[in-house]
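With full-length UniProt numbering, you'll find the sequence shown wraps up at 165, consecutive numbering, no jumps.
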Amino acid sequence: MAGGDEHSSWPLGPFLNEARIARKLTQKAAAARANLSRTAWQQLESGQRADGNPVRPKATTVIAAAMAVDADPTRALELAGLDPSAFEPSRAGRPATSFAEARALLAQLTEPQRRAVIDLLRTIVHDTPAEPFREDTTLSGPEPTRWDPTAPPAEPPARPEPDSD
């Protein structure tokens, strides 16, 4: 069989293909579950990029692909010629987060929210305790007024008088 040599040089392809078919997934569906493009999934199964060169996936890509079809990520890494210790079972089930995704999410935050996230990241990275929350601190603008249920209702602001020329 002509395809036999191709599969022996890229054993990850048949491994992913068989697991995908066993789960009755299309390449498109498997790719979506792995957060990959259909083209990237096709390359993982074929072992070749569009330009004919061999595919060289990152460990995170191989792990995501294996998990998408409920295959053993450690075995998938071995078949791809990568270090199987790259799979951390404690992270299993968590979606892989890319810097691009983090950047896109940060861009959607307000400036105070962004500062809070950055402060949290600094706390995690540098293993330092976070600054305690202080109610009397405001980020900007006037001091907020607190609602007092016993206070009389506030007077509405006066309307400007129309000019009578």
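Cβ coordinates follow ideal geometry from the N, Cα and C atoms, glycine included.
Exercise. Is the segment 44 to 52 touching the segment 13 to 25, taking contact as three or more C-beta pairs under 8 Å?
Worked result: A contact exists between the segment 44 to 52 and the segment 13 to 25.
Checklist line | Through-space distance from Arg38 to Thr60, alpha-carbon basis | finding: Residue 60 sits at position 60 when you count from the first residue of the sequence shown. Residue 38 sits at position 38 when you count from the first residue of the sequence shown. Rounded to the nearest angstrom, the two C-alpha atoms are 17 Å apart.
Check your understanding: What three-state label does DSSP hand Gln108 in the structure shown?
Key -> Locating residue 108 in the sequence shown gives position 108, counting from the first residue. Coil, per DSSP.
query = Of all the options Leu106, Pro73 and Ala80, which has the alpha carbon lying nearest to the alpha carbon of Pro54?
reply = The residue labelled residue 54 in the question sits at position 54 within the sequence shown. Of the listed residues, the one whose Cα sits closest to Pro54 is Ala80.
For this session: Quickly, what does DSSP pair Gln48 with across the bridge? List them, please.
Result: Translated into the one-based positions of the sequence shown, residue 48 becomes position 48. According to DSSP, which records beta bridges pairwise, Gln48 is partnered with Pro54.
Is it buried or exposed, Ala22, if we count other Cβ atoms within 10 angstroms and call 16 or more buried? Here the question's residue 22 lines up with position 22 in the sequence shown. With fewer than 16 other Cβ atoms within 10 Å, it is exposed.
Quiz item: Are Asp83 and Ala19 touching if we call contact CB-CB under 8 Å?
Solution: For the purposes of this step, residue 83 is identified with residue 83 of the sequence shown, where counting begins at 1. For the purposes of this step, residue 19 is identified with residue 19 of the sequence shown, where counting begins at 1. Taking 8 Å as the cut-off, the beta carbon of Asp83 is found no closer than this to the beta carbon of Ala19.
- Query: Around the Cβ of Ile63, are there at least 16 other Cβ atoms within 10 angstroms (buried) or fewer (exposed)?
  - Reply: Residue mapping note: residue 63 aligns to position 63 of the sequence shown, counting from 1. So Ile63 counts as buried.
Exercise. Taking the alpha helix (DSSP H) that Gly13 falls in, what are its first and last residues?
Worked result: Counting from one through the sequence shown, the residue named residue 13 turns up at place 13. Residues Leu12 to Ala22.
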